[in-house]
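Everything below concerns the one structure shown next.
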Amino acid sequence: MAFSFSPSLVIFDCDGVLVDTEPVANRLLARVLSEEGFAVSYEECRSLFVGRTMDAVRAHVEAALGRALREDWTPYIRDRTLEAFAEGIEPVPGAPDVIHALRAQGLPYCVASSGKFEKMRFTLGMTGLLPLVEDVLFSAEEVRAGKPAPDLFLHAASRMGHEPSRCLVIEDSVPGVQAAVRAGMAVIGYAGDPLTDAAALKSEGAHVVTDMSALLDLLDA
């Protein structure tokens, strides 16, 4: 079925949608978790944890191991991840064009991420996107429950002054799509990365695209 929706607000996820950070972050995470005794491949790490907060990752791993990780594990992995990003990351191909097109159309947009503000500002800054979104950033650290709960998307819509039913979410993870659907929002699943499970995104209710130019076409329709 063709996608047909004219939003009043477009809500972007950050990692994997605007900034191409998932390969770097998940290779590092897989290595660190394996060192902790939670043996996981890069591909498994992507499948298990993309779209989830680091606190959710920690809870999953601790439950599987039957023991607590080091007290400072969460800030430790965040610091290691930022160090890895500092070696070089790029915007998702086509993402800057999409944002510029929305600005030209006067269509409001924002970013709602499971990541903390510090991480978002760093990665968006590294890729040159921060000046386009720095005033419309929302983080899971602002709400009680992260994705797949709808809290973050509902918070972003409320702060931006838009009804959930008029919002369009752009996501690349199953938890993100689930959160959007539970918030009563339309959702496009971006599956430009070969490891993104396009079928899973579709089964959760997303209209799937594999490149950002398709998103521009849909918004112009």
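Per this note's numbering: the sequence shown = residues 312 to 532. Ideal placement from N, C-alpha and C gives every residue a C-beta, glycine not left out.
Problem - Rounded C-alpha distance that separates V520 from A423 - result: For the purposes of this step, residue 520 is taken as the residue at position 209 of the sequence shown. For the purposes of this step, residue 423 is taken as the residue at position 112 of the sequence shown. Looking at the two C-alpha atoms, the distance is approximately 19 Å.
Problem - Best match in G417, V454, E429 for proximity to R389 [C-alpha to C-alpha] - result: Here the question's residue 389 lines up with position 78 in the sequence shown. Of the listed residues, the one whose Cα sits closest to R389 is E429.
Exercise for the section: Round the Cβ separation of L339 and R414 to the nearest angstrom and send it over; I've been treating them as touching at under 8 Å. Expected result: Within the sequence shown, numbered from 1, the residue matching residue 339 stands at position 28. Within the sequence shown, numbered from 1, the residue matching residue 414 stands at position 103. Going by Cβ atoms, the distance from L339 to R414 rounds to 33 Å, so no, they are not a contact pair.
Handout entry: Option in H371, F349, N337, S345 with minimal Cα separation from R357
Key = Residue mapping note: residue 357 aligns to position 46 of the sequence shown, counting from 1. Considering only alpha carbons, the answer is N337.
Problem - Residue from D508, R342, E474 whose Cα sits closest to the Cα of P318 - result: Position 7 of the sequence shown holds residue 318. Minimum Cα distance to P318 is reached at E474.
Practice task
Compute the distance between the beta-carbons of T438 and V330, then report whether it is under 9 Å.
Solution key: As a first step, residue 438 is located in the sequence shown; it is residue number 127 there, counting from the start. As a first step, residue 330 is located in the sequence shown; it is residue number 19 there, counting from the start. Against a cut-off of 9 Å, the Cβ pair of V330 and T438 comes out as a contact.
Handout entry: Length of the line joining the Cα atoms of G399 and R432
Key = As a first step, residue 399 is located in the sequence shown; it is residue number 88 there, counting from the start. As a first step, residue 432 is located in the sequence shown; it is residue number 121 there, counting from the start. Between G399 and R432, the C-alpha separation is close to 15 Å.
Handout entry: V492 versus K458: straight-line alpha-carbon distance, rounded
Key = For the purposes of this step, residue 492 is taken as residue 181 along the sequence shown, with counting starting at 1. For the purposes of this step, residue 458 is taken as residue 147 along the sequence shown, with counting starting at 1. So the alpha carbons of these two residues sit roughly 11 Å apart.
Exercise for the section: Can you grab the Cα-Cα spacing for the pair V368 / M496, in whole Å? Expected result: Against the sequence shown, residue 368 aligns to sequence position 57. Against the sequence shown, residue 496 aligns to sequence position 185. Roughly 26 Å between the two C-alpha positions.
Problem - Entirely enclosed alpha helix (DSSP H) segments - the segment 401-478, minimum 4 residues - result: 406-416, 428-437, 441-444, 462-471
Handout entry: A336, DSSP secondary structure in three states
Key = By 1-based counting over the sequence shown, the position of residue 336 is 25. If DSSP states are grouped into helix, strand and coil, A336 belongs with the helices.
Handout entry: Chain-order list of residues whose beta-carbon lies under 7 Å from that of M312 (same chain, five-residue window excluded)
Key = Looking up residue 312 in the sequence shown gives position 1. Here the model assigns M312 a pLDDT of 41, short of 50, so the residue's position is not dependable, and the following value carries that caveat. For M312, where only same-chain residues beyond five positions count, there are no Cβ hits under 7 Å.
Problem - Opening and closing residue of the beta strand (DSSP E) in which L320 lies - result: Position 9 of the sequence shown, counted from the first residue, corresponds to residue 320. Its beta strand (DSSP E) spans residues 320-323.
Problem - Continuous beta strand (DSSP E) stretch holding G500: start and end - result: Position 189 of the sequence shown, counted from the first residue, corresponds to residue 500. Its beta strand (DSSP E) spans residues 497-501.
Exercise for the section: Please state whether DSSP places V485 in a helix, a strand or coil. Expected result: Mapped onto the sequence shown, residue 485 falls at position 174. Reduced to three states, the DSSP call for V485 is helix.
Problem - Counterpart residues of V330 in DSSP-defined beta bridges - result: Start at 1 with the first residue of the sequence shown, and residue 330 comes out as number 19. DSSP lists D326, P402 as partners of V330.
Exercise for the section: Assign Y387 to buried or exposed, taking buried as 16 or more other Cβ atoms, counted over all protein chains shown, within 10 Å of its Cβ. Expected result: Position 76 of the sequence shown holds residue 387. Its Cβ having fewer than 16 others within 10 Å, Y387 is exposed.
Problem - Three-state secondary structure assigned by DSSP to V519 - result: Within the sequence shown, numbered from 1, the residue matching residue 519 stands at position 208. Strand.
Handout entry: Per DSSP, cross-strand counterpart(s) of V480
Key = Numbered from its first residue, the sequence shown carries residue 480 at position 169. Looking at the DSSP assignment, V480 forms a beta bridge with I322, V498.
Problem - Coil, strand or helix - P505 by DSSP - result: For the purposes of this step, residue 505 is identified with residue 194 of the sequence shown, where counting begins at 1. The answer is coil: DSSP assigns P505 none of H, G, I, E or B.
Practice task
Could you give the DSSP three-state label for L380: helix, strand or coil?
Solution key: The sequence position of residue 380 within the sequence shown is 69, counting from 1. Three-state DSSP puts L380 in coil, outside helix and strand.
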